[in-house]
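Asker: Input: one structure, supplied below.
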Amino acid sequence: MYSDVSTEQLTDSQRQAVFHRDGPLLVLAGPGSGKTRVISCRIAALIEAGVRPDNICAITFTNKAAEEMRRRLAGRISNGVHISTFHSLCVRILRRYAEAAGIRPNFSIYDTNEQTRCMKETVRQCDVDTSNFPPARMLEFVSNLKNDLESVEQYRARADDYFGKTVARIYAMYQQIMEQNNAMDFDDLLTRTAFLLRDRPDIREELSRRFGYLLVDEYQDTNHAQYQIAKGLALAHGNICVTGDPDQSIYRWRGADIENILAFEKDWPNAQVIRLEENFRSMSKILETADRLIAFNAIRKHKMLIATRGQGGRVDIFARTDERDEACQLAEQLQQLLDEGVNPNRMAVFYRVNSMSRAVEEAFIRRHIPYQVVRGVEFYSRKEIQDMLSYLKLIANPSDDIAFVRATGTHSRGIGKSSVDRLIEYAKKSGQSLLAAAHSAGKEGSIRPAGAKRIEEFAKMIDGFAALAGGEVSPLMDIVFAQSGLADALRAAGEQTAIENINELINAAAEFDGQTENPNLLDYLQSIALYSDSDAYDPDAGRVSLMTLHAAKGLEFDYVFIIGLEEGLLPHERSRSSKDDLEEERRLFFVGVTRAREALAVSYARYRTLRGQFIRSTPSQFLYEIGYAGQEQETADAEKIFEPEQYLTPQAVPDICGQSDYERFSPRQLVEHSKFGLGRVKEFLDLGADSVVVVQFNSGKTKSLMLKYAKLRRPGSGTNLSSGKEEAQRYVEDPFLL
DNA sequence: CATAGCCGCCTTTTT
DNA sequence: GGCGGCTATG
């Protein structure tokens, strides 16, 4: 009856999880423990036991995971089960209860780019110094407040210093501008839903009746807002089943709170806890490697990884010269597998940062190795796509001033910057949106008559499009593309690829039209706003997959290659300062390792080009932890291969960069430079003789200095300098340096 | 008003 | 090294 939810071959503990009926359930599921299958089987079992499908709500981490689950449940009986991400669920709830939430249902969802524009405008309007309150930092700050469900009023009440009070003003203004634009950012979707559930018990109960059974996957990566939403939805009935693995929590930086899963039993005292510790995915050698690695994390619940797939498998560690060499040898290894007839679908390459795909892609192209880069949002962030979408956003939400500004500027049409600036002034004075003000631009004397005329024409054009915006999206797109003048402008400029990209966008929209029950512009825009990187992964592409370690979560491959195991990269530079961050990096590597079924190859490069600079690198400490003995053996072709032989124990981590005849600095330390004066160390890249020190000087400038050339002095330890204490007082504190 | 060229910025991971 | 924003110029 169900495509992949046969319960015949389940283990005892899996069976327990599947057939647990009512009440809270915590499933601690290790990697490769068949968690997805268990959830799918559980949904099927609930339906079998008489629960109505539309009474079940399953929350997955990505749209892709939701899709996968729908496929597993592909039976007529399961139709109606609500399966989506937290964000999609929130969009549905907010549109359904828009009035109660105090919003309009046709809201725009702002991506990072639009958020930044909005925050820049905010900081400008608050009239504060952008160097002390940089928009990107403010965005991060505000985002954290929202993830913790702290409202403007709450934050204002506890902000007592200048910095806090200014941030409170910025937070308030940002929310006001978002509201004027009838827009929400990713955080707003969660917070507004959480507040709605908190403030409206009637709606909360209605939703509890609607969803009598709640399942939340990847629970270790929920943030506080998501946690409250899940709790709110299940409060009335307690039928909440959460699954996850604390060792795979990799979104702490985004507000994910590992405590949510660790403390589940406190929230729901009658919770049943089931551990899935058997691993059906990886061969023993790979599991041993993963086990050894994660044992170095101090903050964790001990969990077993029990191998069931039998002995064997391969783990190799390779040292390469630089990123080009690393990529070439990687291509070579993959080519060998391909020559043996291995399907490229079974292979994947993981890396820490997106920019690392470049060298690999170049090597793959040279060797004609078919590959896919799993980076879905990349397509949607292209200029021409964003331009095209700005028209559609404006049509769907006439209050969206950010869309208005973008749409008017997609190509030259006689509306210049000064006209737009004056229109903005006019709109502000008269309390209208830009589009509304544009209709009467001629009445505003300060706008040049020619410009005003063009602006009015533009507004009429958008009205014309809006009249056609009833059902399917792709026909509307065709019209907008042609009649907006964008198509002609791109053709005239010879932007062939841009035109092709837009055509691809229209094709994708046609697909959306075909697959959606009642296709409409609003649903389309909201679905692409919540589109994520991992959604682009096609398991049947017939290509080797390239992706970040984050995107690899939830996937598995027979052959896994992880590149760039270097200090500063994995663990990442920005994560080395705190122990918690370092542990998260280790979990990230753990996630990568445990994706492998049969073979894992890990590599690092001795030199790597970073920010255009060729610098020496140090092998990652994680390599030592998984058993890289540090004894390099040169083979004939200068390729160095290590077989893990000697293993470290978590207690005996050697100081890898122990020996030093060079000076070393640590963050926050005061230093003095002969030319730039006094400053504070922000970062220290320990690269032996080539070490780099990043110093923020009193002048406000931050400089990266090569240690061997910079001649930095430590105030206080020098000969003719006054004591360090006095120097510290002379130094102007930057509120962000902490 | 539009464009070209230059300067200065950042550069982790993502819903 | 790559992009976005600003400025000077046509």
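Counting in the working numbering, the first sequence runs from 43 upward without gaps.
By construction, the Cβ of each residue, glycine as well, lies at the ideal position given by its N, Cα and C atoms.
Computed from a prediction, not measured in an experiment: that's the story for all the values here.
Is residue 603 helix, strand or coil by DSSP?
Answerer: Counting from one through the first sequence, the residue named residue 603 turns up at place 561. Strand at residue 603.
Asker: Are the beta-carbon atoms of residue 278 and residue 307 separated by less than 8 Å?
Answerer: Mapped onto the first sequence, residue 278 falls at position 236. Mapped onto the first sequence, residue 307 falls at position 265. Cβ distance not < 8 Å, so residue 278 and residue 307 don't count as in contact.
Asker: Label residue 549 either buried or exposed according to how many other C-beta atoms from any shown protein chain fall within 10 Å of its C-beta, with 16 as the threshold for buried.
Answerer: Within the first sequence, the letter at position 507 stands for residue 549. Burial call: exposed.
Asker: Once the 5 residues before and after residue 71 are set aside, which same chain residues still bring their CB inside 6 Å of it?
Answerer: Start at 1 with the first residue of the first sequence, and residue 71 comes out as number 29. Correct list, in chain order: 77, 285, 287, 318.
Asker: Identify, in the order they occur along the chain, each residue of the same chain with its Cβ nearer than 6 Å to the Cβ of residue 469, setting aside the five sequence neighbours on each side.
Answerer: Mapped onto the first sequence, residue 469 falls at position 427. The residues are 476, 479.
Asker: Return the residue from the list 444, 164, 439 that minimises the CA-CA distance to residue 564.
Answerer: Position 522 of the first sequence, counted from the first residue, corresponds to residue 564. Of the candidates 444, 164, 439, the one whose C-alpha sits nearest the C-alpha of residue 564 is 439.
Asker: In the DSSP assignment, what are the bridge partners of residue 358?
Answerer: Residue 358 sits at position 316 when you count from the first residue of the first sequence. Answer is 643, bridged to residue 358.
Asker: Does the segment 452-464 touch the segment 483-497, meaning 3 or more C-beta pairs lie closer than 8 Å?
Answerer: A contact exists between the segment 483-497 and the segment 452-464.
Asker: For residue 368, which of 502, 654, 645 has the nearest alpha-carbon?
Answerer: Stepping through the first sequence from its first residue, residue 368 is reached at position 326. That would be 645, whose Cα lies nearest to the Cα of residue 368.
Asker: From residue 366 to residue 405, what distance separates their C-alpha atoms?
Answerer: Counting from one through the first sequence, the residue named residue 366 turns up at place 324. Counting from one through the first sequence, the residue named residue 405 turns up at place 363. Cα to Cα, the separation comes out at about 8 Å.
Asker: Have a look at residue 324 and residue 629 and give me their C-alpha separation to the nearest angstrom.
Answerer: If you number the first sequence from 1, residue 324 lands on position 282. If you number the first sequence from 1, residue 629 lands on position 587. Whole-angstrom Cα-Cα distance: 17 Å.
Asker: Rank 219, 326, 103 by C-alpha distance to the C-alpha of residue 157 and give the top, closest one.
Answerer: Here residue 157 is taken as the residue at index 115 of the first sequence, counted from 1. The option with the nearest alpha carbon to residue 157 is 219.
Asker: Could you please give the first and the last residue of the uninterrupted alpha helix (DSSP H) stretch that includes residue 445?
Answerer: In the first sequence, residue 445 corresponds to position 403, counting from 1. 443-450 is the span of the alpha helix (DSSP H), which, as asked, contains residue 445.
Asker: Contact check, residue 249 vs residue 275 under 8 Å by CB: the rounded distance?
Answerer: Here residue 249 corresponds to residue number 207 of the first sequence, with the count starting at 1. Here residue 275 corresponds to residue number 233 of the first sequence, with the count starting at 1. Correct: roughly 6 Å between the Cβ atoms.
Asker: What would DSSP say about residue 150, mapped onto helix, strand or coil?
Answerer: Working through the first sequence from its first residue, we reach residue 150 at position 108. Of the three classes helix, strand and coil, the one that applies to residue 150 here is strand, per DSSP.
Asker: Which partner residues does residue 71 have in the DSSP bridge list?
Answerer: Stepping through the first sequence from its first residue, residue 71 is reached at position 29. Its beta-bridge partners are 318.
Asker: Would you tell me roughly how many angstroms separate the C-alpha atoms of residue 577 and residue 422, rounded to the nearest one?
Answerer: Within the first sequence, numbered from 1, the residue matching residue 577 stands at position 535. Within the first sequence, numbered from 1, the residue matching residue 422 stands at position 380. Going by the C-alpha atoms only, they are around 13 Å apart.
Asker: Here's the rule I'm using: 16 or more other beta-carbon atoms within 10 Å means buried, otherwise exposed. How should residue 586 be labelled?
Answerer: Position 544 of the first sequence, counted from the first residue, corresponds to residue 586. Residue 586 is buried by the Cβ-count criterion.
Asker: Compute the Euclidean distance between the alpha carbons of residue 485 and residue 552, then round it to the nearest angstrom.
Answerer: Translated into positions along the first sequence, residue 485 becomes position 443. Translated into positions along the first sequence, residue 552 becomes position 510. Residue 485 and residue 552: Cα-Cα distance of roughly 41 Å.
Asker: Would you decide whether residue 506 is buried or exposed? Buried here means 16 or more other CB atoms lie within 10 Å of its CB.
Answerer: Mapped onto the first sequence, residue 506 falls at position 464. Under this definition residue 506 is an exposed residue.
Asker: Would you kindly report the start and end of the unbroken beta strand (DSSP E) that includes residue 258?
Answerer: Translated into positions along the first sequence, residue 258 becomes position 216. Residues 255-258.
Asker: Whole-angstrom Cβ separation of residue 599 and residue 349, contact assumed at under 8 Å?
Answerer: Taking the first residue of the first sequence as position 1, residue 599 is located at position 557. Taking the first residue of the first sequence as position 1, residue 349 is located at position 307. Rounded, the Cβ-Cβ distance is 18 Å, inconsistent with contact.
Asker: From the DSSP output, which residues share a beta bridge with residue 393?
Answerer: Stepping through the first sequence from its first residue, residue 393 is reached at position 351. In DSSP, residue 393 forms a bridge with 590.
Asker: Measure the alpha-carbon distance for residue 50 versus residue 69 and round it to whole angstroms.
Answerer: Along the first sequence, read from residue 1 onward, the residue named residue 50 stands at position 8. Along the first sequence, read from residue 1 onward, the residue named residue 69 stands at position 27. Those two C-alpha atoms are separated by around 20 Å.
Asker: Any idea if residue 615 is buried or exposed, counting beta-carbon neighbours within 10 angstroms, 16 or more meaning buried?
Answerer: To locate residue 615, count along the first sequence from 1; it is residue 573. Label assigned to residue 615: exposed.
Asker: Hey, how far is the Cα of residue 466 from the Cα of residue 474?
Answerer: The count along the first sequence starts at 1 and reaches residue 466 at position 424. The count along the first sequence starts at 1 and reaches residue 474 at position 432. Computed Cα separation, rounded: 9 Å.
Asker: Whole angstroms is fine: what's the gap from residue 682's alpha carbon to residue 328's?
Answerer: Taking the first sequence and counting its residues from 1, the one referred to as residue 682 is at position 640. Taking the first sequence and counting its residues from 1, the one referred to as residue 328 is at position 286. Caution is warranted here: a pLDDT of 42 is assigned to residue 682, below 50, making its placement in the model unreliable, and the coordinate value is therefore given only provisionally. Roughly 21 Å between the two C-alpha positions.
Asker: For residue 280, I'd like the list of residues in its chain whose CB is within less than 7 Å of its CB, leaving aside the five on either flank, ordered along the chain.
Answerer: One-based indexing of the first sequence puts residue 280 at position 238. Taken in chain order, the residues that qualify are 65, 66, 310.
Asker: By Cβ distance below 7 Å, which residues in the same chain neighbour residue 636 in space, the five residues on each side in sequence not counted?
Answerer: Along the first sequence, read from residue 1 onward, the residue named residue 636 stands at position 594. Cβ neighbours of residue 636 beyond the five flanking positions: 73, 74, 324, 332.
Asker: State the DSSP-derived secondary structure class of residue 682, mapped to helix, strand or coil.
Answerer: By one-based count along the first sequence, residue 682 stands at place 640. For residue 682, the pLDDT reaches just 42, beneath the cut-off of 50, and the residue's location in the model is therefore unreliable, leaving the point undetermined.
Asker: Output the distance between the C-alpha atoms of residue 56 and residue 183, rounded to the nearest integer angstrom.
Answerer: Taking the first sequence and counting its residues from 1, one reaches residue 56 at position 14. Taking the first sequence and counting its residues from 1, one reaches residue 183 at position 141. The straight-line gap from Cα to Cα measures roughly 41 Å.
Asker: Determine the closest residue to residue 273 out of 295, 519, 237, with distance taken between C-alpha atoms.
Answerer: On the first sequence, position 231 is the one that residue 273 refers to. The shortest Cα separation from residue 273 among 295, 519, 237 belongs to 237.
Asker: Smallest Cα separation from residue 584: which of 516, 653, 385?
Answerer: Taking the first sequence and counting its residues from 1, one reaches residue 584 at position 542. When each option's Cα is compared against that of residue 584, the closest is 385.
Asker: Are the beta-carbon atoms belonging to residue 124 and residue 83 less than 8 Å from one another?
Answerer: For the purposes of this step, residue 124 is taken as the residue at position 82 of the first sequence. For the purposes of this step, residue 83 is taken as the residue at position 41 of the first sequence. No; because the gap between Cβ atoms is not below 8 Å, this pair is not in contact.
Asker: Of all the options 608, 639, 638, which has the alpha carbon lying nearest to the alpha carbon of residue 627?
Answerer: The residue labelled residue 627 in the question sits at position 585 within the first sequence. When only C-alpha atoms are compared, the closest one is 608.
Asker: Which residues does DSSP pair with residue 614 in a beta bridge?
Answerer: Counting from 1 along the first sequence, the entry for residue 614 is found at position 572. Answer is 610, 611.
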